[in-house]
Structure formats: C-alpha cells, structure tokens
C-alpha cells in the first residue's frame, strides 16, 4: 500500500460514516405543526400505463398516455383526542374524487421516465376538531410526481429494475392535497412472467420527506414501503381472446418512521382488479381497494377506472452476418490432364 492510499483511508471512512448518518431515517428536525400539509391519497401508480397500483416493471416500448378516475372514501380518519383531550373524532377528508393524467417515455431499451398530475374534488371536516373553522377546499391540485426506471438485468419476461421518484410541492398543502416539501423515493423492482402468462411483481424501497409534519399525536415523515402483485389471464370470453382479459390482486403497505415518542402512519391496502386489452395499444382497467387498518393513507374504500394508450413496437432481432460465399479465386484448381 502506498503512502497516498494509506492517507486516503481515514477520509474515505469519514465520508462513508457521514453518508450513513445522513441516510438514517430518523431526523432531529422539529416537525412542522401544519396538519393539512400531507398527501392522504397514497396511490403510486406510474403514469403512461395501466397495471398494478405501483411500478411493477410493465414494459413501455415507445411512449404511453394514461387517464384515471378515482373514488376515495375516508383516506384519513382521526380518533377522539388526536388534537388534545376533549377533541372529537373527525374525518378531515371524508370523500375524494380524483382525475389523474399521466405520461411515460422510453429512453432506449432500458430506461423509462414518467409523470403524473392529479386534481380532485373533496369533502370533509378539515381541522374543525382542532378548533379551526376554515372549511376544506372543494377543488384541489396535487403535487407533481416525476419518476424514472432503469432495467438492471433481464428481458421482457423476467427483469430487475431500479426506480427513483420525486414529488414537487406544487399541490394544495393547506387541504391535505400536497406535502409540506419535496419527497424522494427509490425502490427495487422484480418482475417475472410464469407459465400460462401469469405475471408476478414486487417492489420495496424507502421514501424521504423534505419536512416532517405533526398531525395531532402522529408524525408523517420518512417511511419504508413495499408492494406485491399478481396478474392472471382468463380463458377466452366470447369475442375476447385468451390474452385480453386479466384479473389482478395486490397488497401495498408502508412502515412509518419512529422519532422519539412519535410514530408515523403505517397504512396497508389490498386491491383487486381487472384489465381488458381492447386494442393492441389500448388497455382499460378497473380496481377496488380496501384499507386493512385505520392508519392515515389507508382508505375505507377505493375505486379506480383507468385507460392507457401505449403503442407497441416490435424491435428487430439482432441480425447475423451472412456466411461468406466462395469466390472464383477460392475454387480449387483443376488437375492438370497432361
């Protein structure tokens, strides 16, 4: 080992230690006392395609555009005493109807970028249980969500990918339609097509919040998240061929951070759905979701209707060089008849 390498070791170790400390989920920052500055709709479906309620590694050949209509019941319900002794139980957002527009673009064979913009109509109590008389805004815009996925290994049937996601604080954070600051997430994705066309996908990752927010005795901040889904094609039904109708089931969950005596929400949701490929480029989907607990972000009920247009591109197989043809110079010499 040279003197220069030995001298570099302490600084390298210090850098690694600093990165580990910075990446720790718990932060000592004072949480913001702005209970409305959280996003209560945790739908994380990427734009530009229809499939699972998370990025399940669906292929995007060229580009895609999507439209989604959603109905959400009780995405946040707070028990009595959340805002101090004597505060009643409340539904800050009782119901929400959402419209989402999304797009996706393939960059080469392994990278996909996407974006989702969403607006909603909602009704609810807002913060009346905390003594705030301001009413909940009926029409709101949500944070802009940007994402990118890179395929690390595999092909169309079996693949492993890395996804990064960023939300920008452009939504209405005074009415539960946007976070107090940016959020950033990254996750690993695994996808496999099994015999009979059955598709299974899973993802797991971490989401960081630029600001932690106190909601009564709860703390919304960094979290771990994961999801698991399966899709099974149905046999031919009437004029529909066997590969055009698919049923799906999925489970989505998150584990909130613990900072001191405060704990973040850990919502869990189960979904079932059906996909119909009406045209090679056009896919429609319907989904129903049910919260498995009473945590913030686990709705009592969710309904989704989705459409996506994703043109298919058949990529040519790698060409093999033609075998050399014998030339006149390569012909064997005729024997001398003399």
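In our numbering, the protein residues as written are 172 to 509. Every residue, glycine too, gets a C-beta built ideally from N, C-alpha and C.
Under 6 Å Cβ to Cβ from residue i, same chain only, skipping five residues before and after it: list those, please.
| i | result |
| --- | --- |
| residue 355 | 337, 379 |
| residue 341 | 314, 315 |
| residue 318 | 217, 285, 336 |
| residue 478 | 238, 455 |
| residue 276 | 234, 284 |
| residue 273 | 218, 219, 237, 287 |
| residue 264 | 211, 246, 247, 293, 295, 347 |
| residue 291 | 267, 269, 311 |
| residue 364 | 328, 370 |
| residue 453 | 480 |
Please work out which residues of its chain come closer than 7 Å, Cβ to Cβ, to residue i, disregarding the five sequence neighbours upstream and downstream, and give them in chain order.
| i | result |
| --- | --- |
| residue 426 | 394, 395, 437 |
| residue 344 | 207, 208, 350, 351 |
| residue 258 | 251, 252, 300, 301 |
| residue 193 | With a pLDDT of only 41 at residue 193, under 50, the local geometry of the prediction cannot be trusted, and the value read off the model is given with reservation. Nothing listed; no residue qualifies. |
| residue 325 | 331 |
| residue 465 | 248 |
Based on the DSSP output, what are the partners of residue i in its beta bridges?
| i | result |
| --- | --- |
| residue 293 | 267 |
| residue 318 | 285, 336 |
| residue 510 | This structure cannot speak to residue 510, because the chain is shown only from 172 to 509. |
| residue 396 | 376, 425 |
| residue 255 | In the DSSP output, where bridge partners are listed per residue, residue 255 has none listed. |
| residue 237 | 273, 479 |
Are the beta-carbon atoms belonging to residue i and residue j less than 8 Å from one another?
| i | j | result |
| --- | --- | --- |
| residue 401 | residue 447 | no |
| residue 270 | residue 248 | no |
| residue 351 | residue 384 | yes |
| residue 307 | residue 320 | no |
| residue 115 | residue 399 | Absent from the structure is residue 115, since the part of the chain shown begins at 172 and ends at 509. |
| residue 376 | residue 358 | yes |
| residue 390 | residue 434 | yes |
| residue 243 | residue 473 | yes |
| residue 512 | residue 460 | Residue 512 lies beyond the range of the chain shown here (172 to 509); nothing can be said about it. |
Report the option in the options whose CA atom is closest to the CA atom of residue i.
| i | options | result |
| --- | --- | --- |
| residue 468 | 204, 202, 213 | 213 |
| residue 330 | 312, 280, 310 | 280 |
| residue 278 | 245, 322, 243 | 322 |
| residue 215 | 481, 475, 482 | 475 |
| residue 225 | 452, 432, 453, 423 | 423 |
| residue 415 | 368, 241, 470, 305 | 368 |
| residue 482 | 429, 221, 201, 205 | 221 |
| residue 204 | 324, 392, 268, 363 | 392 |
Between which residues of its own chain and residue i is the CB-CB distance below 8 Å, once the five residues before and five after are set aside?
| i | result |
| --- | --- |
| residue 484 | 232, 233 |
For this session: May I ask you to verify whether the stretch 234-247 touches the stretch 412-429, counting CB pairs closer than 8 Å and requiring at least 3?
Result: no
Exercise. Any chance the stretch 440-456 sits against the stretch 225-232, with 3 or more Cβ pairs inside 8 Å?
Worked result: no
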